[in-house]
Amino acid sequence: MAARVGSEAGGQLIQIRDRLGEPLRVAIAGRLKAGKSTLVNALIGRRVAPTAVGECTRVVTRFRYGPADRVDVVCRDGERRSLPLDDDGMIPQRLGVPASRVAYVDVTLTSEKLRDLTVVDTPGLASTDAVVSARAEQAVGTSTAPFDADIDADSAGEVAAAEAVVYVFTQAVRADDVRALEAFRDASARLASTPINALGVFGKADTLVGGAGDPWPVAAPLAEQQAALLARTVSDVVPVVGLLAETGESGRLTAADRDALQQLAGLPAAQLQIMLASVDLFRSRPAPVGPAHRERLLQLLDLYGIGFALAQLTAEPGVSTGELVRRLVAASGFPRLQHTLTETFRWRSDAIKAGWALSRLERLAGHTRDERDREKLRDGVERLLRNPAYHRLRLLDAAQRVATGAVPLPVQWEQELTRLATSEDPRWILRLPDAGLDELATAAVAAANRWRVYAVAGAGPAQSRVAQVAQRGFHILAQQVRP
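Per UniProt numbering, the very first residue in the sequence shown carries number 1; after that it's consecutive.
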């Protein structure tokens, strides 16, 4: 298509094509001090993103795979300035360029976790009072809202290019959190107004209880309530103890740390209970581990992680450092987040990126100055949508209309459509975990027939269109599983 239009539109088409070959881009959004950078470090497996407020936390930072570790400050005028990582292996707090000139910070790392995923760390969201009035601008990526007022439009545009969003919040979900998430996602992709490509993370689950208490009896049901509240906005809400995840995934807990914890585990239970009641008591009470190392343990694990580690070492003194780290990561809730990301984003990446590409094509067709180019682009979009290979995208579009309430369906029908649109596992889609291929094919045909009847007899015009898409999807599924 690029060869059939003018140079301006053709250049943008080439950029869209090139983006389709890149890894899925996931943006991490949330309020200041919500734990976004800590989560980013856990996702990439290295402590590289600074968690303290500084120059580099006020601009967008993109983490992607590369053959060598490298930090480039990309300026608004296209200039790139290289910086070394600091002595701790982190992005320097000072970028050497005024924040007003910075478009984004481009970080390439040798982390294997970034081969299939590019992570975009965003500045903390400010008050969303201005968000609602700026929705139209955000939809075309021309506004910096809902970011801080001094975040430039180039940074906001970089975030708007993400195909998926992870929104990090703490404890109660406020109404302006919901508005901010909706506004952020409205700027991202064709599927952005759906829960299909958005995930909520309750990022500091350990803060729900005091001291070293177990947060999970509270965190798990709270996350379920938050997921229900945000059902039209995100696909799930996952509670995580971000600091434990970062420490474990980045390999920061050493054998010396494990030995220090073992020494503390040898204290009488009553003394440990007092020490773990507050940070000040942990720092000040007499103990066989010095103040400096105790402070380090707080920085690595905080009280919940320390209490969990001490319980493990008390019950099983011979636990190795590696095994202790594995248990700490499990206690953080991070494995569930990783699994959810895989299920929610990575396997859907082709469809999500196709949705992003169609969004950009449609936008390009609407804004190209040459009338002939506009017609060619619109014709190209229509041909793509008619291509059978794009039926998966049509399923996602149908599912998002239902998920957002735009097209109401009975609950069981909505659930079946969601399974069909968001999974490639026929046994899970059809809820037949032990079925053979013949049984699966028969069930898929039966489902297609149900949707056909519903489209004709039991639905209004909007439901009928969704039902026809679902019928076609189950027909394709039957063909795929038929032996």
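Each residue gets a CB set at the ideal place from its N, CA and C atoms; glycine is no exception.
Being a predicted model, the structure only gives us computed values, none of them experimental.
Close CB contacts of V218 within its chain, under the 7 Å cut and outside five residues either way in sequence, are with L208 and V209 (chain order).
When the alpha-carbon of R80 is set against those of G21, D106, V59 and T233, the nearest one is in D106. In its chain, beyond the 5 residues on either side, R47, V48 and P50 have a beta carbon closer than 7 Å to the beta carbon of M90.
Burial check for Q471: the Cβ neighbour count within 10 Å reaches 16 or more, so the residue is buried. Using a Cβ distance threshold of 8 Å, R70 and T108 count as a contacting pair. Within the UniProt domain "Dynamin N-terminal" (26–129), complete beta strand (DSSP E) segments of at least 3 residues are found at 61–65, 70–75, 80–83, 102–109 and 117–121, given in chain order.
Of the candidates V165, G45 and V59, the residue whose Cα lies closest to the Cα of K113 is G45. Taken through DSSP and simplified to helix, strand or coil, G200 comes out as strand. Going by DSSP, Y390 is part of no alpha helix (DSSP H) at all; its letter is neither H nor E.
Distance check between V102 and each of G66, D87, T61 and V466 places T61 closest, using alpha-carbon atoms only. Excluding sequence positions up to five before and after P215, its CB lies within less than 6 Å of the CB of A205, D206, L208 and V209, all in the same chain and listed in chain order. Contact annotation: A42 and A311 have beta-carbon atoms that are not nearer than 8 Å. In this structure, the CA atom of P335 is about 35 Å from the CA atom of Q479. Taken atom to atom, the span from the alpha-carbon of V329 to that of A441 is near 41 Å.
Each of T233, A227 and V241 was checked against the Cα of G203, and the nearest Cα belongs to V241.
With a cut-off of 8 Å on Cβ pairs, the region 305–322 is in contact with the region 257–271, counting three or more such pairs.
Secondary structure at P239: strand, using DSSP grouped into helix, strand and coil. In chain order, Y167, L230, V234 and V237 place their CB closer than 6 Å to the CB of G200, counting only its own chain and leaving out the 5 sequence neighbours on each side. Per DSSP, the beta bridge partners of F169 are F202. For V456, the uninterrupted alpha helix (DSSP H) segment begins and ends at L437 to A457. The beta carbon of L297 sits closer than 6 Å to those of I306, all from its chain and outside the five residues before and after it, given in chain order. Y390 and Q468 have their C-alpha atoms spaced approximately 15 Å apart. DSSP places A406 outside both helix and strand once states are collapsed to three, so it counts as coil. Between A27 and V165, the C-beta gap is smaller than 8 Å, which places the two residues in contact. In the same chain as A52, and ignoring 5 residues on each side of it, no C-beta atom comes closer than 7 Å to its own.
Here L24 is bridged, per DSSP, to L117. In the three-state DSSP reduction, A357 falls in the helix class (H, G or I). A distance below 7 Å between beta-carbons, with the five flanking residues on each side excluded, links L313 to the following residues of its chain, in chain order: L261, Q262, A265 and V319.
Fewer than three beta-carbon pairs drawn from the region 354–365 and the region 266–277 are found closer than 8 Å, and the two stretches are therefore not classed as touching. Put simply, of T122, T57, D72 and P67 the residue whose alpha carbon is nearest the alpha carbon of Q93 is T57. Ranked by Cα distance from V381, the first of S284, R252 and L364 is L364. When DSSP states are grouped into helix, strand and coil, A164 belongs to the strand group. Within the same chain, Cβ atoms closer than 6 Å to the Cβ of G248 are found at V325, L328 and V329, the five residues on either side in sequence being excluded. In the three-state reduction of the DSSP assignment, G251 falls in the coil class. With respect to Y104, A212 sits apart: the two C-beta atoms are not nearer than 8 Å. Per DSSP, reduced to three states, the secondary structure at L384 is helical.
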